[in-house]
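Beneath this line is the structure, given in structure tokens, with notes to follow.
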Amino acid sequence: MIINNIEVFVCCPGRNFVTVKVTTSEGVYGVGDATVNGREQAVVALLEEHVIPCLIGRNAHDIEDIWQYLYRGVYWRKGPINMAATAAIDMALWDIKGKVAGLPVYQLLGGKSRKGVGLYAHANGEDIEQTLDNAQKHAAAGFKAIRLQSAVPGLDVTYGVLGDKKDYFEMQGNRPLPPEETWSTQKYFNMIVELFDRARSRLGNEIQLVHDVHSRLTPIESARLGKLLEPYNLMFLEDASMAENQDNYKLIRQHTTTPLAIGETYNTIWDCKDLIQNQLIDYIRVAATHAGGITALRRITDFAAMFNVKLAPHGAPDLSPICFAAHMHLNTWAPNFGVQEFVGFGDQDLPQIFPHNTEIVDGMAYISDAPGLGVEFDEEAAKAFPYKRSYLPISRLEDGTMWNW
Ligand code: GCO
Ligand code: MG
Numbered sequence: 001m002i003i004n005n006i007e008v009f010v011c012c013p014g015r016n017f018v019t020v021k022v023t024t025s026e027g028v029y030g031v032g033d034a035t036v037n038g039r040e041q042a043v044v045a046l047l048e049e050h051v052i053p054c055l056i057g058r059n060a061h062d063i064e065d066i067w068q069y070l071y072r073g074v075y076w077r078k079g080p081i082n083m084a085a086t087a088a089i090d091m092a093l094w095d096i097k098g099k100v101a102g103l104p105v106y107q108l109l110g111g112k113s114r115k116g117v118g119l120y121a122h123a124n125g126e127d128i129e130q131t132l133d134n135a136q137k138h139a140a141a142g143f144k145a146i147r148l149q150s151a152v153p154g155l156d157v158t159y160g161v162l163g164d165k166k167d168y169f170e171m172q173g174n175r176p177l178p179p180e181e182t183w184s185t186q187k188y189f190n191m192i193v194e195l196f197d198r199a200r201s202r203l204g205n206e207i208q209l210v211h212d213v214h215s216r217l218t219p220i221e222s223a224r225l226g227k228l229l230e231p232y233n234l235m236f237l238e239d240a241s242m243a244e245n246q247d248n249y250k251l252i253r254q255h256t257t258t259p260l261a262i263g264e265t266y267n268t269i270w271d272c273k274d275l276i277q278n279q280l281i282d283y284i285r286v287a288a289t290h291a292g293g294i295t296a297l298r299r300i301t302d303f304a305a306m307f308n309v310k311l312a313p314h315g316a317p318d319l320s321p322i323c324f325a326a327h328m329h330l331n332t333w334a335p336n337f338g339v340q341e342f343v344g345f346g347d348q349d350l351p352q353i354f355p356h357n358t359e360i361v362d363g364m365a366y367i368s369d370a371p372g373l374g375v376e377f378d379e380e381a382a383k384a385f386p387y388k389r390s391y392l393p394i395s396r397l398e399d400g401t402m403w404n405w
């Protein structure tokens, strides 16, 4: 089972996706997701020039050794570009191993820990009323957990909000330069408590509520927010603050019992180690694509289990259905699974390029028993959607100071 070819594809069905295909001497192939939003071609260059030449001729079954080769064997370790390249190869190798064994990847990880995977849907709106209308639609469709993001009055755009207040979902494949947005913590605080207060009145106490602060607050502001939201019993508050300095979360934790989640930008177990072992968070939100693939996430998940931290993988639309499939296998196996973020499977272009059989019923996802990852990549269909340079927005305070987007 020798690796004899590795190809990299970039397509843009609304947004850019970087897909890796590893083919073996027996003709069995596997696919992996290497998408880093706004930095797609950097991963392509790394793969083509520096990673792929080292892997041709190796045994495709040596997943762990190849992972170590790409991590330990590289002097310039870690980082999103490097770890996304490693991740895509790793996913493709698990896909191959599953196909050869005739088993879905979750069986190789240890089998099922649950019947299905609980999802949280996104509700957003141009005002609180519209956000809650959308949340009610998700609840009526069976979702038990819902993320609420509402436009901040007085700001032109708000993270996570669609329509006229559009932010990151729309036009993703058509931003040749980064759009600029304004942030005001004061204006945000004037809206956010009312959002959750009215959410509990409208939606009742059964629905789990999630909110993404998207790192806009300082640690003491996050602590205050967590405290203000305690009466509304959130499932978690996500990215309350940046955590390059992991001690930030000590400060937040001292002040609030609102559960905390972080990790979508993390690339290795080292980025989450202090937060997990000091029990400063409740959910770890790493993505298989950005933190080194299935091999790495399995290790992070086991480590997190020792400290009552649950796995809640990132599920934004810039992660391809291949990454979603990798998460489905991890979530189906992980004894300490929490919840999976879910934004739908896109319009018909996406399912046509990445066909799969995951079923969604009543806010739960059920994995298919197809061998490997259970997701395909249709190279021909992808050709109709060529790469377009596109950036995420950047954020500034009202006086023009650069801020965290
Ligand atoms: C989420 C994330 C996304 C990111 C996006 C950036 O919780 O879903 O915060 O919305 O902003 O993935 O590429
Ligand atoms: Mg997030």
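Each residue of the sequence shown is one higher than the last, beginning at 1 in the UniProt record's numbering. Positions of the beta carbon are idealized from the N, C-alpha and C atoms, including for glycine.
Item: My guess is that alanine 287 and leucine 319 are in contact by the Cβ rule of under 8 Å, so how many angstroms apart are they, rounded?; Value: 6 Å
Item: Under 8 Å by Cβ, that's how I've got leucine 229 and threonine 258 pegged, so tell me the actual separation to the nearest angstrom.; Value: 5 Å
Item: Return yes when the C-beta of alanine 316 is under 7 Å from any heavy atom of ligand 1, and no when it is not.; Value: yes
Item: Report the residue from Gln246, Val339 and Leu251 whose alpha carbon sits nearest the alpha carbon of glutamine 277.; Value: Gln246
Item: If I follow the unbroken beta strand (DSSP E) through tyrosine 120, where does it start and stop?; Value: 117-125
Item: Measure the C-alpha to C-alpha separation of leucine 237 and alanine 223 and round it to an integer number of angstroms.; Value: 11 Å
Item: Could you spell out where the alpha helix (DSSP H) holding lysine 21 opens and where it closes?; Value: Per DSSP, lysine 21 belongs to no alpha helix (DSSP H); it is in the beta strand (DSSP E), 17-24.
Item: I need the DSSP call for serine 184, collapsed to helix, strand or coil.; Value: coil
Item: Is it a yes or a no for the segment 368-381 touching the segment 146-160, going by three-plus beta-carbon pairs under 8 Å?; Value: no
Item: Could you check which residue in Phe345, Phe307 and Asn336 has the C-alpha nearest to that of leucine 322?; Value: The residue you asked about is not leucine; residue 322 is isoleucine in the sequence shown. Nearest C-alpha to isoleucine 322: Phe345.
Item: DSSP puts leucine 260 in a beta bridge; with which residues?; Value: Leu237
Item: What residue range does the beta strand (DSSP E) around serine 215 cover?; Value: Premise fails: serine 215 is in no beta strand (DSSP E) and is neither H nor E.
Item: Using the Cβ count rule (16 or more neighbours within 10 Å means buried), how would you classify methionine 83?; Value: buried
Item: What runs of the alpha helix (DSSP H), each 4 residues or longer, lie entirely inside the segment 274-306?; Value: 293-305
Item: Does the distance from the C-beta atom of phenylalanine 342 to that of leucine 119 stay below 8 Å?; Value: yes
Item: Measuring straight from C-alpha to C-alpha, what distance separates alanine 87 and serine 201?; Value: 43 Å
Item: From Ala381, His214, Leu397 and Asp399, pick the residue whose C-alpha is nearest to that of valine 10; which is it?; Value: Ala381
Item: Does methionine 402 pass the burial test, meaning 16 or more other C-beta atoms within 10 Å, or should it be called exposed?; Value: exposed
Item: How is isoleucine 52 classed by DSSP in three states: helix, strand or coil?; Value: helix
Item: In this structure, how does DSSP classify residue 415 when only helix, strand and coil are distinguished?; Value: Past the boundaries of the shown model lies residue 415; the chain is included only from 1 to 405, so the question cannot be answered.
Item: Under 8 Å, with one C-beta from each stretch per pair, do the segment 177-188 and the segment 384-400 reach the 3-pair mark?; Value: yes
Item: Just how far apart, CA to CA, sit threonine 295 and valine 22?; Value: 17 Å
Item: At a cut-off of 7 Å, would you count aspartate 282 as near ligand 2, judging by its Cβ distance to the nearest heavy atom?; Value: no
Item: Candidates Ala243, Gly400 and Glu376: which alpha carbon is nearest tyrosine 29's?; Value: Glu376
Item: Report the option in Tyr249, Asp62 and Ile66 whose CA atom is closest to the CA atom of serine 215.; Value: Tyr249
Item: From the DSSP output, read off the bridge partner residues of histidine 356.; Value: Val375
Item: Taking the DSSP output, what are the residues bridged to asparagine 59?; Value: Ile2
Item: Just to confirm my understanding: we take valine 339, look at its own chain, exclude 5 residues before and 5 after, and list those with CB closer than 6 Å. What are they?; Value: Gly118, Tyr120, Ala145 and Ala312
Item: Taking 8 Å as the threshold (C-beta atoms), are lysine 383 and asparagine 174 in contact?; Value: no
Item: Going by DSSP in three states, lysine 310 sits in which element: helix, strand or coil?; Value: strand
Item: In chain order, what residues of the same chain have a beta carbon less than 6 Å from the beta carbon of valine 20, not counting five sequence neighbours either side?; Value: Val8, Gly32, Ala34, Ala88 and Ala92
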